[in-house]
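Structure first, commentary second.
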Amino acid sequence: MIRTLLDNNMNWASARVRADPDFFRRLAAQQAPEYLWIGCSDSRVPANEIVGLDPGELFVHRNIANLAPPRDMNFLAVLQFSIEVLKVRHIIVCGHYGCGGVRAALDTERRGLIDHWLQPVTDLAHRHQGHLDAIADFDTRVNVACEHNVRAQVEYLGHNPFVTDAWRRGQRLEIHGWIYSIRDGLLRDLGLTIERSKDADRLAARAWFPDG
Amino acid sequence: MPKAIEFTPIEPIPLDLLREPLIWFFAEHYRHRDVCTRLTELARSVIFDEAALREIYRFLDRDLPLHVIDEEDDLFPLLRRRCEPDDQIELVLGMLSAEHAADMSEGAAVKSLVGAALAEQRGLACYAEAGAAIDAFCQKQKRHIAVENAVVLPIARHRLGEDDLISLGQRLAARRGLANPFQAAS
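In order, the protein sequences belong to chains Y and S. Counting the first sequence from 1 gives a position; the working numbering is that position plus 1. Counting the second sequence from 1 gives a position; the working numbering is that position plus 1.
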């Protein structure tokens with residue numbers, strides 16, 4: 002029932018104030034998150050909750066399959082604002098195993114508009130089709146593609162003008178690639194962290210599979 | 002009248018092994034083999050051995066799915082990221098992942114048999130389908146474990162670094178609701 006959500010909200014706000022009477026006063030005065038989270042819209046991956054951060058601590062952009070699309074005005078506005086105004090120190094691209102968007106990009110079923118949104122993932126899968134096809138189990142193939150999709154977004158961000166301009170200005174900014182498993186609630190660091198243009202180039206040159 | 006086999010609990014894994022996650026996997030595989038041996042014996046008995054059946058049920062319900070996550074969402078992806086071309090790891094991981102998917106469905110069928118035996122207070126041999134289903138499940142499990150012990154874990158020992166092993170051990174613990182095994186030492 003929709004009413005339950007409003008009741009839950011009342012209980013949540015009241016519990017917050019009981020635990021910390023100044024919480025909302027502080028929050029209303031300023032937003033100063035250190036992190037930009039680029040995650041999937043999947044309802045089972047609640048950004049703040051899984052990293053144990055309070056409201057105000059994480060600037061969040063979510064879309065299907067956690068993409069950082071170079072021509073998406075929504076995403077670009079979030080990226081620019083977070084870097085130039087909020088001056089976040091970390092950008093986290095977080096995918097998740099079993100992602101429905103990645104799964105849809107890998108199969109041949111047509112779904113309409115979403116196929117266009119997922120085109121970058123489909124293209125990525127085509128680029129690595131030989132390797133992905135060698136993975137016999139489809140669910141595993143999806144999971145490997147989920148990791149690759151995170152890496153592709155980290156690489157893209159490492160070459161995005163807002164990011165490279167920030168680095169050129171000497172602004173400290175790290176980009177991380179993580180993956181989450183809905184089955185255990187745990188994050189894995191994919192070891193993709195970059196903090197300067199050279200790192201981005203190095204990452205782009207790294208092999209995607211053990212044999213290339 | 003036939004007697005129930007004397008009940009001894011399935012040996013728990015010493016929690017110290019969370020600090021040596023690859024040994025943890027070996028130990029977990031040892032437990033799986035033990036469970037298969039027990040299950041095979043129970044499948045041949047008409048005696049209702051509640052304690053033994055409950056342990057097996059718990060294993061199939063909790064431990065086996067957790068172990069599949071340990072491997073599918075943790076160890077195998079790590080290996081895919083760390084292995085060299087000469088390891089030809091995908092050949093074996095691909096096969097094992099497909100078997101994991103089958104484990105979950107066949108394990109669920111065996112679990113429902115054990116669940117029925119518990120509910121109806123009967124030995125597993127009272128169910129016509131139990132012998133074949135359990136034998137097939139256990140044989141596959143043993144073969145699967147043999148490949149993991151002989152191929153996957155030795156490669157993991159070679160390819161995973163200290164940081165990998167620490168994070169792996171931490172996640173094994175977290176997945177089971179246990180404290181960080183490296184906290185005291187760090």
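All C-beta atoms in this analysis are idealised placements derived from N, C-alpha and C, irrespective of residue type, glycine included. Source: prediction; values computed, not measured.
CB of residue i within 8 angstroms of CB of residue j, strictly
i      : j      : result
W38/Y  : V61/Y  : yes
E156/Y : V89/Y  : no
N144/Y : G99/Y  : yes
G40/Y  : N67/Y  : yes
R34/S  : I146/S : yes
L40/S  : D104/S : no
A16/Y  : L158/Y : no
H97/Y  : Y181/Y : yes
V113/Y : I65/Y  : Contrary to the premise, residue 113/Y reads as Gly rather than Val in this sequence. No, the pair does not count as a contact, with Cβ atoms beyond the cut-off.
E196/Y : L174/Y : yes
E91/S  : I136/Y : yes
L179/S : F27/S  : no
A126/S : L19/S  : no
A102/S : D138/Y : yes
Own chain, CB closer than 6 angstroms to residue i, minus 5 neighbours either side, in chain order
i      : result
F210/Y : H132
L54/S  : V115, A118 and L119
L80/Y  : F163
V122/Y : A66, V103, A106 and N150
R203/Y : none
Residue i - partner residues in DSSP beta bridges
i      : result
W13/Y  : Answer by DSSP bridge pairing: none, since W13/Y is not bridged.
N64/Y  : C41/Y
G178/Y : V94/Y
L188/Y : Y181/Y
I84/Y  : In DSSP, I84/Y forms no bridge with anything.
L59/Y  : Y36/Y
I195/Y : I176/Y
Alpha helix (DSSP H) segment containing residue i, residue limits
i      : result
C147/Y : F139 to H160
I51/Y  : A48 to I51
V148/S : A131 to V148
C37/S  : P22 to A44
P155/S : L154 to R160
E91/S  : I90 to E121
G101/Y : G101 to L107
P182/S : Counting along the chain, P182/S falls outside any alpha helix (DSSP H), and DSSP gives it neither H nor E.
A30/Y  : F24 to A30
Burial state of residue i, where buried means 16 or more other Cβ atoms lie within 10 Å
i      : result
E50/Y  : exposed
S187/S : Confidence is the limiting factor: at S187/S the pLDDT is only 47, short of 50, which leaves the residue's position unreliable and the question unanswerable from this model.
T141/Y : buried
A131/S : buried
G108/S : buried
S106/S : exposed
S113/S : exposed
E163/S : exposed
S98/S  : buried
I3/Y   : exposed
N12/Y  : exposed
E73/S  : buried
Sequence-distant residues of its chain with Cβ nearer than 7 angstroms to residue i (five each side left out)
i      : result
A126/Y : A106, L107, L133 and A146
D75/S  : L169 and R172
R45/Y  : I183
Cβ shell of residue i (< 8 angstroms), same chain only, five flanking positions each side left out
i      : result
L161/S : L23, L79, L80, R83 and L169
Q122/S : F49 and E51
I70/S  : R176
V151/Y : N67, V94, C95, G96, G178, W179, I180, L191 and L193
Contacts that residue i makes with chain B (C-beta to C-beta distance below 9 angstroms)
i      : result
A175/S : The structure shown contains no chain B; its protein chains are Y and S.
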